[in-house]
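For the record, the sequence lines run as chains A and B. Going by this note's numbering, 7 is the number at position 7 of the first sequence; the sequence numbering is gapless. Going by this note's numbering, 279 is the number at position 279 of the second sequence; the sequence numbering is gapless. To start, the structure itself, in structure tokens.
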Amino acid sequence: MKIKGWKEIMPGGLVTEPGSSVTYETGTWRSSRPTIDKERCTHCLLCWVFCPDGSIVVRDSKVVGIDLKHCKGCGICANECPRHAITMVDEIKARVEEGLS
Amino acid sequence: MSNVIQQVKGKVVALEGDYAIAEALRQINPDVMAAYPITPQTEIVQKFSEFYAEGVVDTEFVPVESEHAALSTCVGASAAGARAMTATCGAGLALMWEILWCASGLRLPIVMAVVNRSLSAPLNILTDQTDEMATRDAGWVQLYAESHQEAYDNIIQAVRIAEHPDVMLPTMCGMAGFVLGHALGQLELLPDEAVRKFVHIYHPHYSLLDTDCPVTFGAFDHWDYFFPHKRQQWEGLNNALRVIPEIGEEFGRLTGRYYGLVEPYMLDDAEVAIVIIGSAAGATRVAIDEMRAEGIKVGMLKVRCYRPFPADAIAEALQGRKAVAVLDRTSCMGGEGSPLFTEICSALYNRNIAMKIISYTYGLGGYDTIPEEFCQVYRNLLQIAQGGKIEPIHRFLSLPERGES
Numbered sequence: 001m002k003i004k005g006w007k008e009i010m011p012g013g014l015v016t017e018p019g020s021s022v023t024y025e026t027g028t029w030r031s032s033r034p035t036i037d038k039e040r041c042t043h044c045l046l047c048w049v050f051c052p053d054g055s056i057v058v059r060d061s062k063v064v065g066i067d068l069k070h071c072k073g074c075g076i077c078a079n080e081c082p083r084h085a086i087t088m089v090d091e092i093k094a095r096v097e098e099g100l101s
Numbered sequence: 001m002s003n004v005i006q007q008v009k010g011k012v013v014a015l016e017g018d019y020a021i022a023e024a025l026r027q028i029n030p031d032v033m034a035a036y037p038i039t040p041q042t043e044i045v046q047k048f049s050e051f052y053a054e055g056v057v058d059t060e061f062v063p064v065e066s067e068h069a070a071l072s073t074c075v076g077a078s079a080a081g082a083r084a085m086t087a088t089c090g091a092g093l094a095l096m097w098e099i100l101w102c103a104s105g106l107r108l109p110i111v112m113a114v115v116n117r118s119l120s121a122p123l124n125i126l127t128d129q130t131d132e133m134a135t136r137d138a139g140w141v142q143l144y145a146e147s148h149q150e151a152y153d154n155i156i157q158a159v160r161i162a163e164h165p166d167v168m169l170p171t172m173c174g175m176a177g178f179v180l181g182h183a184l185g186q187l188e189l190l191p192d193e194a195v196r197k198f199v200h201i202y203h204p205h206y207s208l209l210d211t212d213c214p215v216t217f218g219a220f221d222h223w224d225y226f227f228p229h230k231r232q233q234w235e236g237l238n239n240a241l242r243v244i245p246e247i248g249e250e251f252g253r254l255t256g257r258y259y260g261l262v263e264p265y266m267l268d269d270a271e272v273a274i275v276i277i278g279s280a281a282g283a284t285r286v287a288i289d290e291m292r293a294e295g296i297k298v299g300m301l302k303v304r305c306y307r308p309f310p311a312d313a314i315a316e317a318l319q320g321r322k323a324v325a326v327l328d329r330t331s332c333m334g335g336e337g338s339p340l341f342t343e344i345c346s347a348l349y350n351r352n353i354a355m356k357i358i359s360y361t362y363g364l365g366g367y368d369t370i371p372e373e374f375c376q377v378y379r380n381l382l383q384i385a386q387g388g389k390i391e392p393i394h395r396f397l398s399l400p401e402r403g404e405s
């Protein structure tokens with residue numbers, strides 16, 4: 001996500017486009033991230049219910065992943081999962097493994 | 001040429017300062033006025049509510065439960081696209097504190113009259129500028145009036161300054177409580193039509209009620225954009241240094257009364273000078289006239305605009321003076337002198353202008369200050385100019401340690 005300069009933004013923090021919360025990435029300061037063990041997941045969707053940020057991506061009633069652009073790494077999903085299918089891993093380590101660091 | 005402004009002749013009247021402000025508000029005829037009464041501003045709200053009751057204004061008048069609510073109402077109204085105005089003073093301004101930042105941060109051109117009053121305790125309702133100067137960093141444009149005429153003229157110009165597309169910031173207009181607010185003074189009221197033409201109709205670029213272009217005001221700004229938005233705001237406030245004299249010039253062509261950021265009086269050949277804000281500039285003029293009659297070269301620089309700080313204009317005006325006293329009517333405790341003084345020192349230092357400069361605190365809580373006391377300041381300055389002792393740098397004007405029997 002490119003951060004705009006101060007001359008490129010709307011005065012007063014005015015938002016003129018609808019749905020900008022989708023394009024604006026708020027998960028950049030996460031210190032740990034959830035990873036899903038797809039073998040254990042039964043798609044009960046409790047994680048989707050509890051996620052305060054709507055970051056559990058569900059398609060056709062199935063959990064298909066985490067929206068890491070918006071997930072803050074709070075760990076509620078991992079705490080609530082009855083199958084212990086979600087593990088919180090260190091964000092820096094995850095990024096290094098992804099080659100993003 | 002369409003930009004030629006015909007000078008108009010107004011009506012000369014005697015009014016209390018608060019009523020003069022109320023007349024300006026009536027003529028501006030804002031869309032929304034939200035205010036809570038507080039001495040010595042009450043008469044503005046009282047008079048305006050009469051105008052509202054008599055149907056002479058189209059304004060939506062919102063009587064609120066507090067000053068916090070008054071300014072919050074103006075913020076909502078202004079975001080909705082209305083020209084919103086309010087008035088307050090002292091403790092009322094203090095209660096608006098949080099919302100002052102909301103108004104400027106959202107770039108809402110609200111105009112507010114501030115009838116300057118001290119801040120308690122001890123309980124005091126009389127005038128000093130502690131209330132308004134304490135809001136220095138709130139991001140508002142700040143103008144101060146010396147006279148009834150200036151108080152009236154400033155409010156009208158403030159509408160144009162605040163709404164200028166390069167500024168878009170709220171503007172407060174200070175006027176001494178009681179000394180101007182409750183005292184009768186002579187001033188010229190412009191014809192209603194001239195004021196309405198001068199302030200013209202407000203067309204906001206964005207507003208909440210514009211359904212063709214829906215927008216969000218007041219969204220959360222994270223670490224990434226809060227600072228850039230403050231940088232923009234800084235730019236808008238600094239632009240007012242250019243816009244205020246432009247509007248003052250246009251107002252001058254309409255009325256014959258020209259306004260800038262600062263106003264010198266007998267300063268050109270003055271050896272020593274007083275820098276002052278607000279109504280006490282009147283007593284300083286009297287002191288200058290008395291001393292000039294004796295052939296003593298003294299002068300004054302009146303600061304009309306305190307925010308944004310007109311550093312260039314002040315430094316240029318003071319250059320060449322041998323000694324200067326900066327008089328502040330605010331209790332900025334524990335500082336190296338008072339706020340106008342420290343900022344002027346900074347302006348001079350950064351421009352390599354060296355001079356002897358001292359700070360006076362005067363007139364807190366309505367403490368009377370008469371021309372003879374300003375004469376004494378000038379006499380002190382003349383001694384300093386001739387090599388006399390400059391200490392103490394920060395002084396309290398005419399405040400004896402022990403009373404005389």
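Built from N, CA and C at the ideal position, the CB exists for glycine as well. In this text, all values refer to a predicted model and were calculated from it rather than measured experimentally.
- Message: For Lys197 of chain B and Pro228 of chain B, what's the separation of their Cα atoms in angstroms?
- Response: The sequence position of residue 197 of chain B within the second sequence is 197, counting from 1. The sequence position of residue 228 of chain B within the second sequence is 228, counting from 1. Within the model, the alpha-carbon separation for Lys197 of chain B versus Pro228 of chain B is close to 36 Å.
- Since I believe Gln129 of chain B is in contact with Gly278 of chain B (beta carbons under 8 Å), could you give me their beta-carbon distance rounded to a whole number of angstroms? Counting from 1 along the second sequence, the entry for residue 278 of chain B is found at position 278. Counting from 1 along the second sequence, the entry for residue 129 of chain B is found at position 129. The Cβ separation is near 6 Å, so the contact holds.
- Query: Quick one: complete alpha helix (DSSP H) runs, 4+ long, within the segment 308-339 of chain B?
  - Reply: Taking only runs of at least 4 residues, the alpha helix (DSSP H) segments lying wholly in the segment 308-339 of chain B are 311-318.
- What separation, rounded to the nearest whole angstrom, lies between the Cα atoms of Gly177 of chain B and Pro214 of chain B? The residue given as residue 177 of chain B occupies position 177 in the second sequence. The residue given as residue 214 of chain B occupies position 214 in the second sequence. If I take the Cα positions, the gap works out to 42 Å.
- Message: Taking a contact to mean a Cβ-Cβ separation below 7 Å, would you say Gly299 of chain B touches Leu267 of chain B in this structure?
- Response: For the purposes of this step, residue 299 of chain B is taken as the residue at position 299 of the second sequence. For the purposes of this step, residue 267 of chain B is taken as the residue at position 267 of the second sequence. Yes; because the gap between Cβ atoms is below 7 Å, this pair is in contact.
- Message: Just to confirm my understanding: we take Gly17 of chain B, look at its own chain, exclude 5 residues before and 5 after, and list those with CB closer than 6 Å. What are they?
- Response: Walking along the second sequence from the start, residue 17 of chain B turns up at place 17. Counting only Cβ-Cβ distances below 6 Å, and skipping sequence neighbours, we find His148, Ala151, Met175, Leu180 and Gly181.
- Item | Where the alpha helix (DSSP H) through Met291 of chain B begins and ends | Numbered from its first residue, the second sequence carries residue 291 of chain B at position 291. Unbroken alpha helix (DSSP H) run through Met291 of chain B: Ala281 to Ala293.
- Message: With a threshold of 7 Å between beta-carbons, can Leu46 of chain A be considered close to chain B, or not?
- Response: One-based indexing of the first sequence puts residue 46 of chain A at position 46. Taking Cβ atoms only, chain B never reaches closer than 7 Å to Leu46 of chain A, which makes this a no.
- Query: Does the pairing of the segment 246-264 of chain B with the segment 340-353 of chain B give three or more beta-carbon distances under 8 Å?
  - Reply: no
- Pairwise C-alpha distance: Gly248 of chain B and Val324 of chain B: The count along the second sequence starts at 1 and reaches residue 324 of chain B at position 324. The count along the second sequence starts at 1 and reaches residue 248 of chain B at position 248. About 27 Å.
- Message: When you compare the CB of Ala315 of chain B with every CB in chain A, is at least one pair closer than 7 Å?
- Response: Your numbering for residue 315 of chain B matches position 315 in the second sequence. Answer no: the Cβ-Cβ gap between Ala315 of chain B and chain A never drops below 7 Å.
- Query: By how many angstroms is the C-alpha of Trp97 of chain B removed from the C-alpha of His70 of chain A?
  - Reply: For the purposes of this step, residue 70 of chain A is identified with residue 70 of the first sequence, where counting begins at 1. For the purposes of this step, residue 97 of chain B is identified with residue 97 of the second sequence, where counting begins at 1. Computed Cα separation, rounded: 34 Å.
- Buried versus exposed, by CB contacts within 10 Å (16 or more), Ser118 of chain B: Translated into the one-based positions of the second sequence, residue 118 of chain B becomes position 118. Counting Cβ neighbours within 10 Å, Ser118 of chain B comes out buried, since at least 16 surround it.
- beta strand (DSSP E) segment containing Gln142 of chain B, residue limits: Taking the second sequence and counting its residues from 1, the one referred to as residue 142 of chain B is at position 142. Its beta strand (DSSP E) spans residues Val141 to Tyr144.
- Item | One or two residues paired with Val32 of chain B in a DSSP bridge | The residue you call residue 32 of chain B lines up with position 32 of the second sequence. Its beta-bridge partners are B:Glu60 and B:Ala84.
- DSSP state of Pro11 of chain A, grouped into three classes? Numbered from its first residue, the first sequence carries residue 11 of chain A at position 11. In this structure, Pro11 of chain A counts as helix in the three-state DSSP scheme.
- Enclosing beta strand (DSSP E) for Pro34 of chain A [first to last residue]: For the purposes of this step, residue 34 of chain A is taken as residue 34 along the first sequence, with counting starting at 1. Element bounds for Pro34 of chain A: Ser32 to Ile36.
- Query: What whole-angstrom Cβ distance do Ala53 of chain B and Ile110 of chain B have, given they're in contact under 8 Å?
  - Reply: Numbered from its first residue, the second sequence carries residue 53 of chain B at position 53. Numbered from its first residue, the second sequence carries residue 110 of chain B at position 110. At roughly 23 Å, the Cβ-Cβ gap does not stay under 8 Å, so Ala53 of chain B and Ile110 of chain B are not in contact.
- Straight-line CA distance for Arg40 of chain A to Glu97 of chain A? Mapped onto the first sequence, residue 40 of chain A falls at position 40. Mapped onto the first sequence, residue 97 of chain A falls at position 97. Going from the Cα of Arg40 of chain A to the Cα of Glu97 of chain A covers about 23 Å.
- Task: Give the DSSP-derived three-state secondary structure of Met112 of chain B in the structure shown.
- Result: For the purposes of this step, residue 112 of chain B is taken as the residue at position 112 of the second sequence. The answer is strand: DSSP assigns Met112 of chain B an E or B state.
- Along the segment 148-180 of chain B, what residues have a CB closer than 9 Å to any CB found in chain A? Met168
- Item | chain A contact for Leu106 of chain B (CB, 7 Å cutoff) | Counted from its first residue, the second sequence places residue 106 of chain B at position 106. Yes, contact with chain A.
- Let me know the secondary structure DSSP gives Cys375 of chain B once reduced to three states. In the second sequence, the residue the question calls residue 375 of chain B occupies position 375. Residue state, collapsed to three classes: helix.
- Query: Can you give, in chain order, each stretch of the beta strand (DSSP E) that sits fully within the segment 12-91 of chain A and has at least 3 residues?
  - Reply: 32-36, 56-59, 62-66 and 86-90
- Message: Using beta carbons (cut-off 7 Å, strictly below), is Gly12 of chain A in contact with chain B?
- Response: On the first sequence, position 12 is the one that residue 12 of chain A refers to. Output row for Gly12 of chain A: interface = yes.
- Item | Any chain A beta carbon closer than 7 Å to Thr211 of chain B | Counting from one through the second sequence, the residue named residue 211 of chain B turns up at place 211. For Thr211 of chain B, the answer is no, since every Cβ of chain A falls outside 7 Å of its Cβ.
- Three-state class that DSSP yields for Ala22 of chain B in the structure shown: Here the question's residue 22 of chain B lines up with position 22 in the second sequence. DSSP places Ala22 of chain B in helix when its eight states are reduced to three.
- Taking the alpha-carbon positions, what's the Asp312 of chain B to Val262 of chain B distance? Numbered from 1 along the second sequence, position 312 holds the residue referred to as residue 312 of chain B. Numbered from 1 along the second sequence, position 262 holds the residue referred to as residue 262 of chain B. The alpha-carbon atoms of Asp312 of chain B and Val262 of chain B are separated by roughly 10 Å.
- Item | For Ser101 of chain A, three-class secondary structure by DSSP | In the first sequence, counting from the first residue as 1, residue 101 of chain A sits at position 101. Any reading at Ser101 of chain A must be qualified, since the residue scores a pLDDT of 49, below 50, and its modelled position is unreliable; the value itself is stated next. Of the three classes helix, strand and coil, the one that applies to Ser101 of chain A here is coil, per DSSP.
- Message: Just to confirm before moving on: does the CB-CB distance between Gly366 of chain B and Gln233 of chain B stay below 7 Å?
- Response: Start at 1 with the first residue of the second sequence, and residue 366 of chain B comes out as number 366. Start at 1 with the first residue of the second sequence, and residue 233 of chain B comes out as number 233. Not closer than 7 Å, so no.
- Query: Just to confirm, are Pro204 of chain B and Gly81 of chain B a CB contact at a threshold of 7 Å?
  - Reply: For this step, residue 204 of chain B is matched to residue 204 along the second sequence. For this step, residue 81 of chain B is matched to residue 81 along the second sequence. Taking 7 Å as the Cβ cut-off, Pro204 of chain B and Gly81 of chain B qualify as a contacting pair.
- Query: Helix or strand or just coil, what does DSSP make of Ile99 of chain B?
  - Reply: Residue mapping note: residue 99 of chain B aligns to position 99 of the second sequence, counting from 1. Three-state DSSP puts Ile99 of chain B in a helix.
- Buried or exposed: Ile201 of chain B, going by 16 or more other Cβ atoms within 10 Å of its Cβ? In the second sequence, counting from the first residue as 1, residue 201 of chain B sits at position 201. Looking at its Cβ environment, which holds fewer than 16 other Cβ atoms inside 10 Å, Ile201 of chain B is exposed.
- Query: Going by beta carbon distance, what residues of the same chain come within less than 7 Å of Ala194 of chain B, once the five residues before and after it are set aside?
  - Reply: Along the second sequence, one-based indexing puts residue 194 of chain B at 194. Closer than 7 Å at the Cβ level, and outside the excluded window around Ala194 of chain B, lie Val8 and Leu254.
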